[in-house]
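See structure below.
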Amino acid sequence: MTSPKDFNDRMLSLGLARVSEAAAHASARLIGRGDEKAADQAAVNAMREQLNMLDIKGVVVIGEGERDEAPMLYIGEEVGTGDGPEVDIALDPLEGTTLTAKDMPNALTVIAMAPRGTLLHAPDVYMEKLAIGPGYAKDVVSLAMSPAERVRALAKARGVKDSDITVCILERPRHEDLIEEVRSTGAAIRLITDGDVAGVIHCAEAELTGIDMYMGSGGAPEGVLAASALKCMGGQMWGKLLFRNEDEKGRAAKAGITDLDRIYSRDELVTADVIFAATGVTNGSIVAGVKREPHYLQTETILMRSKTGSVRRMIYRNPIK
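Here the sequence shown stands for residues 10 to 330, where the numbers follow our numbering.
Structure (structure tokens):
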């Protein structure tokens, strides 16, 4: 087993950026075409091809689904050349397939990499999530608090009124009561239709996005990706797996999870240094979308390393052949 000290994140980070860029390029031609599956498949194909060029012994721990559901980038698939460090890979080749198909903001290609055994193998179930940006005392808010209590606690920590807090929430029928309670405090809500990885990342750049906190339930795999980003950018996050039936509990057992009521902190979702890359597909508040000029494609990628806290924004122009 490769130890975390053998994980040369500095050398691997640019390769990871190339992986997310390739997926964005591939899905860009399907922006606004109304075909979610085709857009996702194009991103999957490109991401897998680029991953297999990296000198790693990679295993997909957060991917497109179980092996019988996904022919490529399935959970447990080995990727890379087989030479180099043993790593866990969490990915979403196209976070926001609907956003891409409808040409709506904040579609991203997303990938994270960490030493083997350090990313939570989150089953494909829902996760209740709570996230805030950097600069706050530890556990200033918690999942044990009611939504209204979280707003009041964060406002007190910031030294502002409750009405000065903005909360990002995924717009779903299951969140109607949550939305009503948050609004009862006077806080503002930024509703998003899809893409809760981006929603959580928004908290880390509150001065740019205007979002102070993320609340609500969404996919558990996306929770691990979001925690990877926050570990690089700073901020706090908590997640609790939610189970609707015995089949979902069985998925957790298969992933090695025995405590079904556990609340995971950011550093329990991602237990070692991690690198994270996201490339814009459609224009968004984190990165710009793919820009097509007469002779080239241009993408913007955010590339981050938790070890140094470094955040790079990179513009990549690739000639169209």
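We put the CB at the ideal spot given by N, CA and C, even for glycine.
Item: Best match in Lys165, Arg27, Ser172, Pro132 for proximity to Thr118 [C-alpha to C-alpha]; Value: Arg27
Item: Helix, strand or coil at Asn115 according to DSSP, with G and I counted as helix; Value: coil
Item: Proximal residues to Asp171 (C-beta, below 7 Å), its chain only, five neighbours per side dropped; Value: Val160, Arg161, Ala164, Thr194, Gly195, Ala196
Item: Identity of the residue in Pro156, Asn61, Leu103 nearest Val206 by Cα; Value: Leu103
Item: Closest residue to Val150 among Met246, Ala37, Gly105, Leu25 (Cα-Cα distance); Value: Met246
Item: C-alpha gap between Ile84 and Gly168, whole angstroms; Value: 44 Å
Item: Cβ pair Leu82, Gly72 closer than 7 Å; Value: yes
Item: Length-filtered (4 minimum) alpha helix (DSSP H) runs lying within the region 179-204; Value: 185-193
Item: Secondary structure of Pro230, DSSP reduced to three states; Value: helix
Item: Candidates Thr280, Gly228, Leu312, of which the one nearest Glu257 by Cα; Value: Gly228
Item: Beta strand (DSSP E) runs contained entirely in the region 57-136, provided each spans 3 or more residues; Value: 66-71, 95-104, 117-124
Item: Completely contained alpha helix (DSSP H) runs for the region 18-51, where each covers 4 or more residues; Value: 18-37
Item: Terminal residues of the alpha helix (DSSP H) in which Pro156 lies; Value: 156-167
Item: Strand pairing of Val299, partner residues [DSSP]; Value: Looking at the DSSP assignment, Val299 forms no beta bridge with any residue, so it has no partner.
Item: Start and end residues, alpha helix (DSSP H) containing Thr218; Value: 215-218
Item: Local conformation of Gly289 per DSSP, three classes; Value: strand
Item: Validate contact between the region 124-132 and the region 251-269 using beta carbons, cut 8 Å, 3 pairs; Value: yes
Item: Given 8 Å, three or more beta-carbon pairs between the region 109-128 and the region 47-56; Value: yes
Item: Rounded separation between Ala140 and Val283 - CA only; Value: 18 Å
Item: Cut-off 6 Å between Cβ atoms - residues of its own chain near Ile98, not counting five sequence neighbours on either side; Value: Gly67, Val69, Met122
Item: Inter-stretch contact at 8 Å, needing at least 3 Cβ pairs: the region 287-301 / the region 33-44; Value: yes
Item: Residue from Gly243, Leu269, Gly244 whose Cα sits closest to the Cα of Asn254; Value: Leu269
Item: Expected contact under 8 Å - CB spacing of Gly298 and Pro143 to nearest Å; Value: Actually they are not in contact, since the Cβ atoms of Gly298 and Pro143 sit about 26 Å apart, beyond 8 Å.
Item: Burial state of Glu86 (16 or more Cβ within 10 Å); Value: buried
Item: One or two residues paired with Met1 in a DSSP bridge; Value: Beyond the ends of the chain as shown, which are 10 and 330, falls residue 1; an answer cannot be given.
Item: Neighbour-count burial assignment, Arg6, 16 or more Cβ in a 10 Å radius; Value: Residue coverage of the chain in this structure runs from 10 to 330, which leaves residue 6 outside it and unanswerable.
Item: Inter-residue spacing [alpha-carbon to alpha-carbon] between Leu239 and Glu190; Value: 26 Å
Item: CB of Arg326 within 7 Å of CB of Leu312, strictly; Value: no
Item: Three-state class that DSSP yields for Val320 in the structure shown; Value: strand
Item: Neighbourhood of Ser22 by C-beta, 7 Å cutoff - its chain only, sequence neighbours within 5 removed; Value: Ile284, Leu312, Arg314
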